[in-house]
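*Asks:* Taken in sequence, the protein lines are chains R and S.
For the record, in the first sequence the residue sitting at position 16 is 16 according to my numbering, with numbers rising by one throughout.
For the record, in the second sequence the residue sitting at position 299 is 1299 according to my numbering, with numbers rising by one throughout.
Glycine included, every Cβ here is placed at the ideal spot set by N, Cα and C.
2 protein chains.
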Amino acid sequence: MKEVTAAIITIGDELLIGQTIDTNSAFIGQELNKAGVWLKRRVAVGDAREEILDALAQQSRDNDIVIITGGLGPTADDITKPALCDYFGASLVVDDEALRNVTEIFNRLGKPVIERNLKQAEVPDTCTVLQNKRGTAPGLWFEKDAVVYAALPGVPHEMKGLLVDSVLPMIRGRFTLPAIAHRTLLIAGKGESEIAEIIAAFETALPPAIKLAYLPSYGMVRLRLTGKGEDGASLEADVAARFDELKALVAEWMVADEDISLPQAVLSLLHAKGKTVATAESCTGGAIARMLTSIAGASAVFNGAVVSYSNAAKTDLLGVDAETIVRYGAVSEETVSKMATGARAALRTDYAIATSGIMGPEGGSPEKPVGTVWVAVAGPESLRTHKFSFRFDRTRNIELAAQNALNLLRRFVLETEGE
Amino acid sequence: MKEVTAAIITIGDELLIGQTIDTNSAFIGQELNKAGVWLKRRVAVGDAREEILDALAQQSRDNDIVIITGGLGPTADDITKPALCDYFGASLVVDDEALRNVTEIFNRLGKPVIERNLKQAEVPDTCTVLQNKRGTAPGLWFEKDAVVYAALPGVPHEMKGLLVDSVLPMIRGRFTLPAIAHRTLLIAGKGESEIAEIIAAFETALPPAIKLAYLPSYGMVRLRLTGKGEDGASLEADVAARFDELKALVAEWMVADEDISLPQAVLSLLHAKGKTVATAESCTGGAIARMLTSIAGASAVFNGAVVSYSNAAKTDLLGVDAETIVRYGAVSEETVSKMATGARAALRTDYAIATSGIMGPEGGSPEKPVGTVWVAVAGPESLRTHKFSFRFDRTRNIELAAQNALNLLRRFVLETEGE
């Protein structure tokens, strides 16, 4: 089976001058990969006709599919549609259904339709129009010399909708794609290079059809096995067997044997045990609560949080006595322990996580340098504390503290509740 | 003056299969742009020798500077260094200073140095080694046929350090760069296309040396003027004059006339007035507290938050009477108002923000569909409420609710405190 390959061309000066972080390409890459299409190259070019034409010519030489995002919006710097007309020898015409969509969206918002919004309904006359249910700019599908092209708006939720609803089904209809099998696991508390040592022999022994990827993120590593083949059922079985081997090798540090985040793993664990949790956050400033509540259904397990940035908040809301804070300091094992037990009581939960630390750039001292974080986890019958020392910038220290605190709770729940 | 252009080549399968979001390129683009280098193209390729060589050849044809990131790490899929050796006709040799650095880092962490970590100290013998103070993989600087190349590790904080400390100074020493002047302002509460209408004549009248960029993000738009010229002082003056014109046109919706975020603008405003703030967050789940506390120095203004996910938390910690919740519902003007006044009292602040809503995907009803959010802001003498209706997914609804709540507070403070 011939490998089907794709390229992404993202268009916009804002990507080149770094004003926008390109999250679209990651999503498109994931979806293509899951569908069995190998994304061979991603290119970002500015809002310049020559650059766009050059990228289209280059990428269509090497690939079967070219996905174009960005530059379909209403502002003046958008020149993607005229460039596409040049490339495909097309002219712009008004698409009636797209026009109806634009008008409806503005009516619903109670806003007048202005000239530049109407232009969103103009499309090259040689394309198949992909109607956009989430916004005003339609997607455009072209075919030329055995290569297919899909041009999508750059607004992430519009792009995602069009890709999943229209582009992927059209790609599946147009190409014969291999079967793909993925299995992912999540590891916490062990670095990428240490894991690599532990599983070196396993990795070397993998057959060519199964690949291993390391996906490091804050304080965690995801390991993903990807198999590609012609027969879906036997491929699934092969990947599953290798995945079991891998799980056995990293069992000690494995947080989840599926592609979920640590907050999801913690919520699932508590849900399964019928337990609730609260947080008392000083240095993490609500980051743990934010992570947990970003997951739908968190309210079944998470009662709430106290972000006790001031010492008065620790005393008033969490019942930490003022003397403890004066005597040991806000960043201390004693204070963070009382914050955790206080949060359990104040928010009426089975478990609580508390954090107190110095995130930087200011506030460090020789005894408690920037990056010092005390974490406590409290349960119905016991309490556990841990001191972390991070050495990064404020943003990263906060992320690491939040992730490590969640993992401390996870281990504590597993060990005190039994598995 | 000849324009100096650059390309970024990011290397790694993880970027193509979408497992990593490329934040490095945005940072590099910003820094190059500030230095007067035009980033012409960004390319991402997989961990494949041919692909890397092809990208190097292509990008060096069109550009003066090629920045390469990724693929210098310790795991087996890293093949960047061998590919660079091929391209530059070099061989790998151990660099003594890099080796000392690797050993020191592992000693400090109390971990054994393993074989694959030692390989991090190997460098092509034709390069200038850029020592890495933040990690084990050094940066590599090459020159060939009037093009300069810098290969940097993909770990963001290591890449940033090497770029700022070593690569940019070397680029400034190597090329004659134009003067660059930037001015940015932040707008809330007005969409990109409406702003575009309002400033259409201004934009058309801009001289070719000054460009305007729209940088939309959740609920906000940043407008940035960038001027490029030979004489720094007159350029600054030209851009400043245009910026004053622009400010006058969008004054009504302008949050800040500098490149700061909304949370930063809110903290600065409260700091200037000597006031404090707290949040009582139901549907935003700590997102507002997280935004405020991500900024260094937030503790001077922000006392804390109650994330009242359960109704008991609203009653116990914020003093919302149970009857109000039963009678009007948790998502109601009445409940959110009491949450705001309760947070002011509980956290002893001048101001408080409260949020309660339905973020989805579940929990909506015909009267209160998903996306319904009540926000209240309370001050020493008055209270203001606003009902928002968002229509996106959970993540985006939370972001929008948090941003809009902060902006509601900002306007409330300005109007009640006087400007």
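1) Check each candidate in R:L177, R:A200, R:I195 and R:V221 and name the one with the smallest Cα separation from D231 (chain R).
2) Would I52 (chain R) pass as an interface residue toward chain S - the criterion being a Cβ-Cβ separation below 8 angstroms?
3) Out of S:V1301, S:R1134 and S:S1091, state which residue places its alpha-carbon closest to the alpha-carbon of E1104 (chain S).
4) Name the residues in the segment 308-335 of chain R whose C-beta lies less than 8 angstroms from a C-beta of chain S; which are they?
5) Alpha carbon to alpha carbon, how far is P138 (chain R) from N1303 (chain S)?
6) List the residues of chain S whose Cβ lies closer than 8 angstroms to the Cβ of N117 (chain R), in chain order.
7) Please report how far the alpha carbon of V1375 (chain S) lies from the alpha carbon of G1364 (chain S), in whole angstroms.
8) Could you list which residues in chain S have their beta carbon closer than 9 angstroms to that of H271 (chain R), in chain order?
9) Terminal residues of the continuous alpha helix (DSSP H) containing A201 (chain R)?
10) Three or more beta-carbon pairs under 8 angstroms between the segment 11-19 of chain R and the segment 1014-1034 of chain S, yes or no?
11) Does D316 (chain R) pass the burial test, meaning 16 or more other C-beta atoms within 10 Å, or should it be called exposed?
12) Just to confirm the assignment, what range does the beta strand (DSSP E) spanning N1303 (chain S) have?
13) For K160 (chain R), which residues in the same chain have their Cβ closer than 7 angstroms to its Cβ, ignoring the five residues on either side in sequence?
14) Going by DSSP, which residues form a beta bridge with H182 (chain R)?
15) Can you tell me where the beta strand (DSSP E) holding E143 (chain R) begins and where it ends?
16) State yes or no: is the C-beta of A188 (chain R) within less than 8 angstroms of the C-beta of A287 (chain R)?
17) Any idea what DSSP makes of A378 (chain R), helix, strand or coil?
18) What are the boundary residues of the alpha helix (DSSP H) that includes I105 (chain R)?
19) If you check the beta carbons only, do L1318 (chain S) and V1306 (chain S) fall under 8 angstroms apart?
20) Quick one: using the 10 Å Cβ neighbour count with 16 as the cut-off for buried, is L1186 (chain S) buried or exposed?
21) Report yes or no: is there a C-beta of chain R within less than 8 angstroms of the C-beta of G1135 (chain S)?
22) Note down, in chain order, each residue of its chain lying with its Cβ closer than 6 angstroms to the Cβ of K1211 (chain S), except the 5 sequence neighbours on either side.
23) Which bits of chain R does E1014 (chain S) rub up against, with CB to CB less than 8 angstroms?
24) Taking Cβ positions only, does S1261 (chain S) come closer than 8 angstroms to chain R?
25) Compute the Euclidean distance between the alpha carbons of I1009 (chain S) and A256 (chain R), then round it to the nearest angstrom.
26) Thinking just about the alpha-carbon of each residue, which of S:Q1059, S:E1245, S:R1290 and S:E1252 is nearest to the one in S294 (chain R)?
27) What are the partner residues of R1041 (chain S), as DSSP defines its beta bridges?
28) Check whether the segment 256-272 of chain R and the segment 1261-1280 of chain S touch, using three or more Cβ-Cβ pairs below 8 angstroms as the test.
29) Against chain S, does R290 (chain R) count as a neighbour if the rule is that its beta carbon must be under 8 angstroms from one of theirs?
30) Is there contact here, the segment 385-401 of chain R with the segment 357-371 of chain R, by at least three beta-carbon pairs under 8 angstroms?
31) By DSSP's criteria, Y1351 (chain S) is part of a beta bridge. Which residues make up the other side?
32) Which of the three DSSP states is assigned to F1175 (chain S) in this structure?
33) According to the neighbour-count rule (16 or more other Cβ atoms, all chains shown, within 10 Å of its Cβ), is D64 (chain R) buried or exposed?
34) Would you mind telling me which residues of chain S sit closer than 8 angstroms to P361 (chain R), beta carbon to beta carbon, in chain order?
35) Taking just the CA atoms, how far does P124 (chain R) sit from N101 (chain R)?
36) Following a CB-centred definition, is N1132 (chain S) positioned closer than 7 angstroms to any heavy atom of the ligand ADP?
*Replies:* Let me spell this out:
1) Here residue 231 (chain R) refers to the residue found at position 231 of the first sequence. If we check each option's Cα against that of D231 (chain R), R:L177 comes out closest.
2) Residue 52 (chain R) sits at position 52 when you count from the first residue of the first sequence. Cβ-Cβ to chain S under 8 angstroms: no for I52 (chain R).
3) Position 104 of the second sequence, counted from the first residue, corresponds to residue 1104 (chain S). Checking every option, the nearest Cα to that of E1104 (chain S) belongs to S:R1134.
4) S308, Y309, S310, A312, A313, D316 and L317
5) Counting from one through the first sequence, the residue named residue 138 (chain R) turns up at place 138. Counting from one through the second sequence, the residue named residue 1303 (chain S) turns up at place 303. The straight-line gap from Cα to Cα measures roughly 46 angstroms.
6) Within the first sequence, numbered from 1, the residue matching residue 117 (chain R) stands at position 117. By Cβ distance, chain S contributes S1193.
7) Looking up residue 1375 (chain S) in the second sequence gives position 375. Looking up residue 1364 (chain S) in the second sequence gives position 364. When rounded, the distance between both Cα atoms is 17 angstroms.
8) Your numbering for residue 271 (chain R) matches position 271 in the first sequence. Result: empty, since nearest Cβ-Cβ is about 15 angstroms, beyond 9 angstroms.
9) For the purposes of this step, residue 201 (chain R) is identified with residue 201 of the first sequence, where counting begins at 1. A200 to T204 is the extent of the alpha helix (DSSP H) around A201 (chain R).
10) yes
11) The sequence position of residue 316 (chain R) within the first sequence is 316, counting from 1. Answer is buried; the Cβ neighbour count reaches 16.
12) Here the question's residue 1303 (chain S) lines up with position 303 in the second sequence. That run of the beta strand (DSSP E) goes F1302 to S1308.
13) What you label residue 160 (chain R) is simply residue 160 of the first sequence in a count that begins at 1. The residues are F27.
14) In the first sequence, residue 182 (chain R) corresponds to position 182, counting from 1. Paired residues: R:T226.
15) Numbered from its first residue, the first sequence carries residue 143 (chain R) at position 143. Residues G139 to K144.
16) For the purposes of this step, residue 188 (chain R) is taken as the residue at position 188 of the first sequence. For the purposes of this step, residue 287 (chain R) is taken as the residue at position 287 of the first sequence. Cβ distance not < 8 angstroms, so A188 (chain R) and A287 (chain R) don't count as in contact.
17) Here residue 378 (chain R) is taken as the residue at index 378 of the first sequence, counted from 1. Strand, per DSSP.
18) Residue mapping note: residue 105 (chain R) aligns to position 105 of the first sequence, counting from 1. Counting along the chain, the alpha helix (DSSP H) containing I105 (chain R) begins and ends at D96 to L109.
19) Numbered from its first residue, the second sequence carries residue 1318 (chain S) at position 318. Numbered from its first residue, the second sequence carries residue 1306 (chain S) at position 306. Yes, these two residues count as a Cβ contact at 8 angstroms.
20) Start at 1 with the first residue of the second sequence, and residue 1186 (chain S) comes out as number 186. So L1186 (chain S) counts as buried.
21) Against the second sequence, residue 1135 (chain S) aligns to sequence position 135. Answer no: the Cβ-Cβ gap between G1135 (chain S) and chain R never drops below 8 angstroms.
22) The residue labelled residue 1211 (chain S) in the question sits at position 211 within the second sequence. Excluding sequence neighbours, K1211 (chain S) sits near T1226.
23) As a working mapping, residue 1014 (chain S) is identified with position 14 in the second sequence. Ordered by position in chain R, the residues that pass the 8 angstroms Cβ test against E1014 (chain S) are A213, Y214 and L215.
24) Your numbering for residue 1261 (chain S) matches position 261 in the second sequence. Not one chain R Cβ lies under 8 angstroms of S1261 (chain S).
25) Here residue 1009 (chain S) refers to the residue found at position 9 when the second sequence is read from its first residue. Here residue 256 (chain R) refers to the residue found at position 256 when the first sequence is read from its first residue. Rounded to the nearest angstrom, the two C-alpha atoms are 33 angstroms apart.
26) As a position in the first sequence, residue 294 (chain R) is number 294, starting the count at 1. S294 (chain R) has its Cα closest to that of S:R1290, out of S:Q1059, S:E1245, S:R1290 and S:E1252.
27) Counted from its first residue, the second sequence places residue 1041 (chain S) at position 41. DSSP, once it has assigned bridges, lists R:V45 and S:A1007 as partnering R1041 (chain S).
28) no
29) As a position in the first sequence, residue 290 (chain R) is number 290, starting the count at 1. Interface residue, yes.
30) yes
31) Numbered from its first residue, the second sequence carries residue 1351 (chain S) at position 351. DSSP, once it has assigned bridges, lists S:V1277 as partnering Y1351 (chain S).
32) Working through the second sequence from its first residue, we reach residue 1175 (chain S) at position 175. The answer is coil: DSSP assigns F1175 (chain S) none of H, G, I, E or B.
33) Locating residue 64 (chain R) in the first sequence gives position 64, where the first residue counts as 1. By the neighbour-count rule (16 or more Cβ atoms within 10 Å), D64 (chain R) is buried.
34) Working through the first sequence from its first residue, we reach residue 361 (chain R) at position 361. Those are A1296, listed as they occur along chain S.
35) In the first sequence, the residue the question calls residue 101 (chain R) occupies position 101. In the first sequence, the residue the question calls residue 124 (chain R) occupies position 124. Near 17 angstroms, if we compare the C-alpha coordinates of P124 (chain R) and N101 (chain R).
36) Of ligands this structure carries none, so the ligand ADP is not represented either.
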